[in-house]
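Chains as they are written, first to last, in my numbering: chain E, 1 to 546; chain U, 1001 to 1336; chain L, 2001 to 2272.
By construction, the Cβ of each residue, glycine as well, lies at the ideal position given by its N, Cα and C atoms.
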Amino acid sequence: MTRDSRTSLLDVEDLTIVYGETPVVEGFSLRIAPGEVVGLVGESGSGKTSIGLGIMGLCPGRVSGRALFKDRDLQRLPHDELRTLRGDRLAMVFQDVAGLHPTYPVLDQVAEAVQVHHGVSRAEARERARSWLVSVGLPEEKAAAFPHQLSGGERQRVMIAMATVNRPELLILDEPVAFQDEGAKGDLIRWFRATFETAGILLITHDVSVALRMADRLIILCGGRVVEEGETEAIIREPVHPYTRALLRSNVALNPHRELIRIPGDPTRINQKGCPFQPRCVQAVPECSHARPFLRQIHGRRVACHRGGVVALLTARSVGKSFSLKGGKVEALREITLSIHSGEGVALMGPTGAGKSTLGAILTRLLKPDTGEVVSDFDDGDFRRRVQLVHQHPKEAISPHFTVWETVEEPLRIVKASHPYNDRIREVLREVGLPTTKDFLSRVAHTLSGGELKRLVLARALVLDPLIIVADEPTAGIDASFASQILRLLMTLQETRGISLLVITHDPYVAQKVADRILYLEGGQIKKITPSLTPVTHRHPAPLVS
Amino acid sequence: MSRTVPATFTGRWISSPALVRGTRTLGGYVLALGGILFLNYVLLRLLPGDIQTVIGAEVMTRAPAAAPGSAGPSSLAAFGHYLLRILKGEWGVSYFFHRPVLQVIFQFLPWSLVLGFLSLAAASLLGIVLGVEAAGKADGWLDRLATGGAVVFMSLPGYLLGILLLVLFSILLPLFPLSGGVRPFTPAWSLPFFLNALRHLALPWLTLTLLMFPEYYLLTRGGMDLSLRRPFILTARGKGLRERVIRYRHAARDTLIPVLTRVGIQMGHLVTGLVFVEVVFAYPGVGTLAFESIQRRDILLMDGILLISAVWVVLMNLAADLLLRRLDPRVKEAGG
Amino acid sequence: MSRKSLRLSRGFWWGAALAGGILLLGLLAPWLAPYNPWNVTGQPFEPPSRAHLLGTNDAGQDILSELFYGGRTSLTISLAVAALSMTLALFVGIAAGVSPVADRVLMRIIDAFLSVPALLIFLLVSVHFSLNVPRLIVLLSLLFWPQPARMIRSQILSTRAEKYVEAARGFGATTGYLTFRHFIPALAPVLLAGFLTRLRMAVFIEAGLAFLGVSDPTVKSWGTMLHFASQYLYLGCWANWILPVAAGIFLTVLGYTLIGQALQGRSLRGEA
Ligand SMILES: Nc1ncnc2c1ncn2[C@@H]1O[C@H](COP(=O)(O)OP(=O)(O)O)[C@@H](O)[C@H]1O
Ligand code: SF4
Ligand SMILES: [Mg+2]
């Protein structure tokens, strides 16, 4: 028997599911205690449904491993015993609302679930089914309807009623509110929590915002492997695994203001040998492609990542800086501690004179701090390539004598990058949306328009393949349409290249659009940090049923 | 999965919304019946002259106003009179039996209906049970056996199968009588009468059952194969139902709708669909009667049989439709 | 899955080999048959011998030669009927599937045709005309088209309901375009199944009518052979007379059935 199996209701160990030759779930383990709600979250196709079906003994693939339900091994239980558990002590709400029989009234289908497990009369079973249907929110007069007469949401309620009518001890919910509108979602979630207070629930969903409202713990699944596991609160507040963060960032409900960032790459490309997320990970190292990362304890949760989760590329520790003026010393920055993580968007806000630009200069090592230090994830020799500053006023940052070509070429020359430059220069120009004709390349940079110049400095910053771009007031003083172009460009770079952005701005709306975190600087100090991840909360007056 | 299913080789739709939508209306039946009556009327009037004179004389004596063969403006009126007579049950007199046509037909009809019902019931039951059990177990012994049997019996026409069974069970192994419905001069409605009739029934019944079961088997199995893959099967398993209940109550329910409709339709062809088998076994049913009437040129009788069978077909189609409406709630709304 | 598709395609090849082989035998009948089947070349009811491999019939004609020539007739009739009735069905089915007005009329006509007891019509017609081969072909085709026409119509209706057709409509597709680009291609399995079924039914009913003695008895066909043979069932000559004919009919239709089953298996698995 496993460790303290008495307290766990479901104990899944090393579950592996193979369809044909493809393993779609590997080494999955899970424990659910009575009264606990565990959320299983991942993109579609990550194997969530297969796990649910695997536990129920209904998966069409080859399933190995163990699933103990109250110390009974479901995989090895005689078929008839498993059958009597199913739909009674152990039940699953299936994802597909087409799962209702088209030619029986829904009431009878729910009643059937009562009748198989309890030797009650047909009438009695129907009576129970009817009141249960009403309690999950199906209008009473619709109980006698056939499935095709119900809406998707109503059918889903019938599916829920069918699985829950016998009050199972373990409930597997596969996308249980996918067909509900926002208000109904909240009602159903509350209903589940209230009705199954003492039962164990495995909530399967691709929608983090649903898991957030219901689950105590989250398990994040990527390509059939668990990549992160921990308390819901903690994971939402600070996702550690790059995949988790990507999931959160692509969720509309979690990002009412911030620009959505899709998870780059093709979700069906899964590395079967190394980290499943490797083909799409922006911080992958060679090890990731051939060695499988195992779950390790990090930040009070378990994460499977060779790099221990999202890495901090740049960290400032207790940085202080003063300037001496005639009247004495001005303390521009005091005790600043912050990190910029790989692929992250950080906005630095504050009133003029708060020290934003000074901090930007220190982080890019253009200015030395008086106290504290700035450490980076890369070699010191590489620093200049990896961290690029994009100046607020492009004209000032470009030599009046340089042609377009020379402007972009300069960084390559300086770091003595290997030839040929031609292709790379043209590529970055295309990336920022500038022409690459001979004519244009040989123009003197200062003759370009303001918009073109902004793009040009961005191109210059990109030519060395930076990992961090510090953009100083990228939208100050330009019109809205132009500002939106520049912001979109930055976001696209973040999405396609996985670049980390530090945007220095005084505009709160810009900050909300581009940043995962917003730092407020005031009087040389960080006053507060707000994550942009602000889940929309829904308050709907009418509870489902009293 | 979409409900559109390719046509089966047996030439039916397993179940498609289009078919469901295409349910015929009562008006359609009336129209069809009218068409048949008209066809019947015209065919009767197309008879070669010599025969027409024979019947003509007959008809003339019974209903002089509806003299057949009279062309021109009175044709329509003649057709009206014809309809009226048909409705009144005056179908003429059999030239061979010298008795009213209806009377003769009703003497032969029960034999055909007993044989037809018994074999249709056996064939559909056998086909359905085999289909439900064999579905989803491709390469199982039952599937191989049933599919093999179905393919073989589908490839044999009724008269041939009848002859082969006759040779086998009446000539090589004389277990069953060679022909007829009951030994002559057996007192009617006595126990020996029934036993003897059953002995005579055995071979034609076996022939028809073997002949008809493949269609039901293939239709059921094809439908079940699809049905078992539909999402409600997973739901049924999730409820903890027994495999048997899942197969018969859930998977088969949907599958059986077209199968039962098919039974209804085939019921319609019972009256004349048995001609070949009845003739082979010289069984005293309507099929044999029809065949012999033709040989005797007993046209009015022939005509009566044609009408009776057409009415029967329409009635059975109607019954099949009503059944379909009862069984499939989706049709109730779709049908007109 | 690979095992299953192998099994099905094996059935298909067996079927194709059977159907093709018998077709070939029918085509080559004049060269393969040892005698002219109309000539009296022996005593009546001769048992099989070196001269007459399958013996002779009641008229002293060579049964083997009759078998070859009879197959020719059966195959000709069935192929012609299947082709003709399916062509008719295709036109009617498409008209009904494409035009709602035509649909109403045509469906009523189809219903009427389907409630006609076909066999009785044959019996009746045979009173008026002798059923020679061309007449038989026309009559059979006239009676065989309604069922496939209905299937074709159903298929078109369900194709019409597909989202991709709706999309094509959205681009302004005309009925003609839809018919040729979407409806007809989707008909392939229906047409094939219909054709095979009609072949099978035609072989059965052609032989059946001849067996009943309704069609022209001077034509050599498997049906007329059965007709005469079954009158002498008690003589014990069924082994060399009826069985070969039975085998001919059975193997021919078995070929069609196997092909049909293989194709149906494919389309059930969504491969066709
Ligand atoms: N019955 C099946 N046969 C083969 N592959 C399957 C089957 N069911 C699911 N898969 C595959 O397994 C993977 C996981 O599917 P699933 O468990 O449904 O994921 P999720 O529920 O997370 O969307 C997908 O790549 C899917 O295509
Ligand atoms: S860093 Fe490596 S192990 Fe971590 S998520 Fe990226 S690819 Fe996977
Ligand atoms: Mg799923």
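{"Check": "Proximity test, residue 48 of chain E beta-carbon vs ligand 5 heavy atom, cut-off 6 Å", "Outcome": "Ligand 5 is not part of the structure shown, which contains ligand 1, ligand 2 and ligand 3 as its ligands."}
{"Check": "7 Å Cβ cutoff, residue 136 of chain E in contact with chain U", "Outcome": "no"}
{"Check": "Residue burial classification, residue 1286 of chain U (beta-carbon count within 10 angstroms, cutoff 16)", "Outcome": "buried"}
{"Check": "From L/2242, L/2114, L/2075, L/2157, residue whose alpha carbon lies closest to that of residue 2045 of chain L", "Outcome": "L/2242"}
{"Check": "Neighbour flag for residue 1167 of chain U against chain L, beta carbons, 7 Å", "Outcome": "yes"}
{"Check": "Counted within 10 angstroms of its Cβ, other Cβ atoms place residue 1288 of chain U as buried (16 or more) or exposed", "Outcome": "buried"}
{"Check": "Which listed residue (U/1313, U/1114, U/1201) has its alpha carbon closest to that of residue 1162 of chain U", "Outcome": "U/1201"}
{"Check": "The stretch 2169-2176 of chain L contacting the stretch 2242-2253 of chain L, beta-carbon criterion three pairs below 8 Å", "Outcome": "no"}
{"Check": "For residue 169 of chain E and residue 143 of chain E, believed in contact at Cβ under 8 Å, the rounded distance", "Outcome": "The pair is not a contact, with the Cβ atoms about 26 Å apart (cut-off 8 Å)."}
{"Check": "Selection from E/312, E/472, E/491 that minimises the alpha carbon distance to residue 506 of chain E", "Outcome": "E/472"}
{"Check": "Three-state class that DSSP yields for residue 476 of chain E in the structure shown", "Outcome": "coil"}
{"Check": "Minimum Cβ-Cβ distance from residue 1310 of chain U to chain L less than 7 Å", "Outcome": "yes"}
{"Check": "Close beta carbons around residue 217 of chain E, own chain, < 8 Å, minus the five adjacent residues each side", "Outcome": "36, 37, 38, 39, 229, 230, 231, 232"}
{"Check": "Contact the stretch 374-387 of chain E vs the stretch 473-491 of chain E: 3+ CB pairs below 8 Å", "Outcome": "no"}
{"Check": "C-alpha distance - residue 1017 of chain U paired with residue 2158 of chain L, whole-angstrom precision", "Outcome": "Residue placement at residue 1017 of chain U cannot be trusted, given a pLDDT of 36 that sits under 50; what the coordinates show is reported in the next sentence. One C-alpha to the other measures close to 7 Å."}
{"Check": "Below-7 Å beta-carbon distance, residue 1095 of chain U vs any chain L residue", "Outcome": "no"}
{"Check": "Heavy atom of ligand 3 within 6 Å of residue 156 of chain E beta-carbon", "Outcome": "no"}
{"Check": "Local Cβ density within 10 Å of residue 2029 of chain L, reported as buried at 16 or more and exposed below that", "Outcome": "buried"}
{"Check": "Chain U within 7 Å of residue 116 of chain E, Cβ atoms only", "Outcome": "yes"}
{"Check": "Cα-Cα separation between residue 1154 of chain U and residue 2198 of chain L, rounded to whole angstroms", "Outcome": "13 Å"}
{"Check": "Any non-hydrogen atom of ligand 2 closer than 6 Å to residue 551 of chain E Cβ", "Outcome": "This structure gives no information on residue 551 of chain E, because the portion of chain E shown stretches from 1 to 546."}
{"Check": "Under 7 Å between C-beta atoms of residue 2221 of chain L and residue 2074 of chain L", "Outcome": "yes"}
{"Check": "Residue 95 of chain E: CB within 6 Å of a non-hydrogen atom of ligand 3", "Outcome": "yes"}
{"Check": "Cβ contact (3+ pairs, closer than 8 Å) linking the stretch 1028-1041 of chain U and the stretch 2104-2117 of chain L", "Outcome": "yes"}
{"Check": "Inter-residue spacing [alpha-carbon to alpha-carbon] between residue 2140 of chain L and residue 1129 of chain U", "Outcome": "34 Å"}
{"Check": "C-beta neighbour in chain U for residue 2215 of chain L, strict 7 Å", "Outcome": "no"}
{"Check": "Spatial distance of residue 219 of chain E from residue 333 of chain E (CA atoms)", "Outcome": "40 Å"}
{"Check": "Status (buried if at least 16 other CB within 10 Å, exposed otherwise) for residue 2052 of chain L", "Outcome": "buried"}
{"Check": "Simplified DSSP assignment, three categories, for residue 156 of chain E", "Outcome": "helix"}
{"Check": "Contact residues within the stretch 1265-1278 of chain U, judged by C-beta distance below 9 Å to chain L", "Outcome": "1265, 1268, 1269, 1271, 1272, 1273, 1275, 1276"}
{"Check": "Backbone CA spacing between residue 80 of chain E and residue 1239 of chain U [nearest angstrom]", "Outcome": "13 Å"}
{"Check": "Anticipated Cβ contact below 8 Å, residue 1986 of chain L with residue 2025 of chain L, distance rounded", "Outcome": "Summary: the structure shown does not reach residue 1986 of chain L, with chain L confined to residues 2001 through 2272, and so no result is reported for it."}
{"Check": "Span separating the alpha-carbon of residue 1322 of chain U from that of residue 126 of chain E", "Outcome": "28 Å"}
{"Check": "Short CB-CB distance (under 7 Å) between residue 1190 of chain U and chain L", "Outcome": "no"}
{"Check": "Beta-carbon contacts of residue 195 of chain E that lie in its chain and below 6 Å, excluding the five residues immediately before and after", "Outcome": "none"}
{"Check": "Per-residue burial, residue 1005 of chain U [other beta carbons within 10 Å of its own, 16 or more giving buried]", "Outcome": "At residue 1005 of chain U, the pLDDT of 35 sits below 50, so the modelled position is not reliable and the matter cannot be decided from this model."}
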